[in-house]
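Structure first, commentary second.
Protein chains in written order, with my numbering: chain A, 1 to 514; chain B, 1 to 122.
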């Protein structure tokens, strides 16, 4: 056969396989507002940068007449390419081929690209769109999932792992995204659950739609499984690109430094925080008044909103922000917000991203539901994460910092490297009202006018203790600063901490409360 | 698109937020009243009530396989009351106290969600 003909043959074969499940299946995919696996990859990566591996892989199943079936690429597309000219590895499940179901060779393709990503120290992006295990392949499917989970864990903290849920992701399959660093979801497209509505209905008699059980909004607002919420695949891809602009490519690198920019003038740091600790404001405005170009990428924006986490740059350098949000639940720590902050702190620490903590909280949330939900166990996570983190840590106490909350929020005692406090800071064992009621109980009870005495004692306590100077007198606060000095001092802190090096006692690993 | 996702405040506390109708609430922490917004999860939290040991509840969603007692029947502590099948396991529920069966709310083959009141004792 002449060479030309052989090349023709290859081209034909390629074209055929790249049609995935065929025209009809593609049409169905598009009608659901979804792109095909290859379209998704192409829209996410730099133009013409994608190289596909294992195009001609065929499935292994022999039982149930499966040997007569052709499943192009076995339902998954894998390969490498670039985003902003930096290499990344990617896989995308192809729902048009046997519903993107996972069999032995499908899993082998995924683990091949995962091994590649880890070896080359580049990020891994996984696009999930699959009906789940391929039942006909039996235990081989389970083996496939297990091999994926193991590699997710192995790569954790070495390379960034991003999961994009663009279709169903059900049963055991959900645990791969859950083990990765960031999960992206799209409204009306993403569906994640362990057991679907069908099973729930037949076994339990409870009726619920897929969207209400495990849709994008549920995982963004209620479960906290998702980190970024989008209304279209296009918006989702923009979010991924933005996230990648902030983070380093592996744990031996630093995030890429960008041209420094000043914050936008409309965020006037002197005008955001009300002096009265009982009044709310949006802590994100303070972040935007500090970071370059007021550009703040919030992570898990819709879940546990009493804690704000995300990335911003200080003088061109990526920092992770962990902030109490007085706008929601007065910024208290609770089960979810502790969980949210702790995981983010560990991410930043693993990937050499300095952590900036903005503090304004009344403490832990009181309530039976919180106690019974394990606020002790979950709350401990944040203490552990801060204590363990060895990246540069800077803390700004903006306003109230009471009790256990003060300790937990990157205090000096957990080895924060820099502790700044605004003059509005109130660092105390508890709020003035609560403290006065306990300390002056006798005086208040025995007074002729207890209410008047209470007011007087609260004012007295406030005057004496609700300020940053008591903590500053012990060196727990390094400097009391004007709000307008904050950015300048954070730039200074990052500069000073450039070569920070500390090491703890030798151990295999700790036993964090998770 | 964005505006729908944002937390909304009643006045312009946030530089970016538009004026909206969401109302601030009061959250009391250690005697201090804070003005703030509640999130959905906090608003939907379940009120706690003391468990009533006369009430036999389904501890797991499942199907009633068999009911072994009748209304009015006297039972002693640890008498088997019914079998609840869940996750392919047959679970026998026993009387936590000695007493009389006041009411049986389920029969064989009933599917019950978690926390359903199955039997009342007295």
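We put the beta carbon where it would ideally sit given N, CA and C, even for glycine. Predicted model only: the values in this text are computed from it and were never measured.
Buried or exposed: which applies to residue i, given that a residue is buried once 16 or more other Cβ atoms fall within 10 Å of its Cβ?
{"i": "residue 69 of chain B", "result": "buried"}
{"i": "residue 1 of chain B", "result": "Residue placement at residue 1 of chain B is poorly supported in this model, since its pLDDT is 41, which falls under 50; the coordinates still yield a value, given next. Burial call: exposed."}
{"i": "residue 516 of chain A", "result": "Absent from the model: residue 516 of chain A. The displayed extent of chain A is 1 to 514, so no value can be given."}
{"i": "residue 259 of chain A", "result": "exposed"}
{"i": "residue 9 of chain B", "result": "Confidence is the limiting factor: at residue 9 of chain B the pLDDT is only 48, short of 50, which leaves the residue's position unreliable and the question unanswerable from this model."}
{"i": "residue 393 of chain A", "result": "buried"}
{"i": "residue 144 of chain A", "result": "buried"}
{"i": "residue 379 of chain A", "result": "buried"}
{"i": "residue 2 of chain A", "result": "exposed"}
{"i": "residue 368 of chain A", "result": "exposed"}
{"i": "residue 95 of chain B", "result": "buried"}
{"i": "residue 3 of chain B", "result": "Residue placement at residue 3 of chain B is poorly supported in this model, since its pLDDT is 42, which falls under 50; the coordinates are not used for a value here."}
{"i": "residue 282 of chain A", "result": "buried"}
{"i": "residue 305 of chain A", "result": "buried"}
{"i": "residue 180 of chain A", "result": "buried"}
{"i": "residue 78 of chain B", "result": "exposed"}
{"i": "residue 317 of chain A", "result": "buried"}
{"i": "residue 399 of chain A", "result": "buried"}
Tell me which same chain residues have a C-beta within less than 6 Å of the C-beta of residue i, skipping the five on either side of it?
{"i": "residue 214 of chain A", "result": "191, 192, 193"}
{"i": "residue 92 of chain A", "result": "37, 40, 41, 77, 127"}
{"i": "residue 72 of chain A", "result": "17, 20, 97"}
{"i": "residue 472 of chain A", "result": "480"}
{"i": "residue 208 of chain A", "result": "197"}
{"i": "residue 395 of chain A", "result": "357, 410, 416, 419"}
{"i": "residue 244 of chain A", "result": "83"}
{"i": "residue 342 of chain A", "result": "381, 382, 385"}
Over what stretch of residues does the alpha helix (DSSP H) that includes residue i continue unbroken?
{"i": "residue 336 of chain A", "result": "335-350"}
{"i": "residue 209 of chain A", "result": "That residue, residue 209 of chain A, is in no alpha helix (DSSP H); it is neither H nor E in DSSP."}
{"i": "residue 8 of chain A", "result": "3-18"}
{"i": "residue 489 of chain A", "result": "486-496"}
{"i": "residue 149 of chain A", "result": "139-155"}
Between which residues of its own chain and residue i is the CB-CB distance below 7 Å, once the five residues before and five after are set aside?
{"i": "residue 346 of chain A", "result": "385"}
{"i": "residue 171 of chain A", "result": "132, 133, 194"}
{"i": "residue 512 of chain A", "result": "381, 384"}
{"i": "residue 50 of chain A", "result": "41, 42, 79, 81"}
{"i": "residue 294 of chain A", "result": "263, 264, 267, 288"}
{"i": "residue 329 of chain A", "result": "306, 365"}
{"i": "residue 120 of chain B", "result": "54, 55, 102, 103"}
{"i": "residue 272 of chain A", "result": "281, 285, 286, 289"}
Could you spell out where the beta strand (DSSP E) holding residue i opens and where it closes?
{"i": "residue 116 of chain A", "result": "From DSSP, residue 116 of chain A is part of no beta strand (DSSP E) but of the alpha helix (DSSP H) over 104-120."}
{"i": "residue 287 of chain A", "result": "Per DSSP, residue 287 of chain A belongs to no beta strand (DSSP E); it is in the alpha helix (DSSP H), 283-288."}
{"i": "residue 62 of chain A", "result": "Note, residue 62 of chain A: premise wrong, no beta strand (DSSP E); not H, not E."}
{"i": "residue 165 of chain A", "result": "161-170"}
{"i": "residue 80 of chain B", "result": "80-86"}
{"i": "residue 53 of chain A", "result": "51-53"}
For residue i, which residues of its own chain have a beta-carbon under 8 Å away from its beta-carbon, when the five flanking residues on both sides are left out?
{"i": "residue 30 of chain A", "result": "36"}
{"i": "residue 298 of chain A", "result": "284, 308, 309, 310"}
{"i": "residue 387 of chain A", "result": "414, 415"}
{"i": "residue 112 of chain A", "result": "53, 54, 78"}
{"i": "residue 239 of chain A", "result": "184, 228, 230"}
{"i": "residue 14 of chain A", "result": "55"}
{"i": "residue 24 of chain A", "result": "none"}
{"i": "residue 340 of chain A", "result": "224, 300, 303, 304, 307, 309"}
If residue i sits next to residue j, beta carbons under 8 Å apart, how far is it from one beta carbon to the other, in whole angstroms?
{"i": "residue 61 of chain A", "j": "residue 8 of chain A", "result": "Not confirmed; about 31 Å, so no contact."}
{"i": "residue 435 of chain A", "j": "residue 461 of chain A", "result": "5 Å"}
{"i": "residue 127 of chain A", "j": "residue 186 of chain A", "result": "At roughly 11 Å, the Cβ-Cβ gap does not stay under 8 Å, so residue 127 of chain A and residue 186 of chain A are not in contact."}
{"i": "residue 225 of chain A", "j": "residue 291 of chain A", "result": "So it is not a contact: roughly 27 Å between Cβ atoms."}
{"i": "residue 37 of chain B", "j": "residue 327 of chain A", "result": "6 Å"}
{"i": "residue 58 of chain B", "j": "residue 114 of chain B", "result": "6 Å"}
{"i": "residue 95 of chain A", "j": "residue 141 of chain A", "result": "With a Cβ gap of about 16 Å, residue 95 of chain A and residue 141 of chain A do not count as contacting."}
{"i": "residue 99 of chain B", "j": "residue 433 of chain A", "result": "Actually they are not in contact, since the Cβ atoms of residue 99 of chain B and residue 433 of chain A sit about 48 Å apart, beyond 8 Å."}
{"i": "residue 34 of chain A", "j": "residue 189 of chain A", "result": "6 Å"}
{"i": "residue 149 of chain A", "j": "residue 175 of chain A", "result": "6 Å"}
{"i": "residue 118 of chain A", "j": "residue 88 of chain A", "result": "Rounded, the Cβ-Cβ distance is 13 Å, inconsistent with contact."}
{"i": "residue 486 of chain A", "j": "residue 269 of chain A", "result": "7 Å"}
{"i": "residue 349 of chain A", "j": "residue 331 of chain A", "result": "23 Å between Cβ atoms; not a contact."}
From the DSSP output, which residues share a beta bridge with residue i?
{"i": "residue 92 of chain A", "result": "A:77, A:127"}
{"i": "residue 63 of chain B", "result": "B:85, B:111"}
{"i": "residue 229 of chain A", "result": "A:185"}
{"i": "residue 372 of chain A", "result": "Looking at the DSSP assignment, residue 372 of chain A forms no beta bridge with any residue, so it has no partner."}
{"i": "residue 236 of chain A", "result": "BP columns for residue 236 of chain A are empty, so no partner."}
{"i": "residue 56 of chain B", "result": "B:119"}
{"i": "residue 32 of chain B", "result": "B:29"}
{"i": "residue 313 of chain A", "result": "A:318"}
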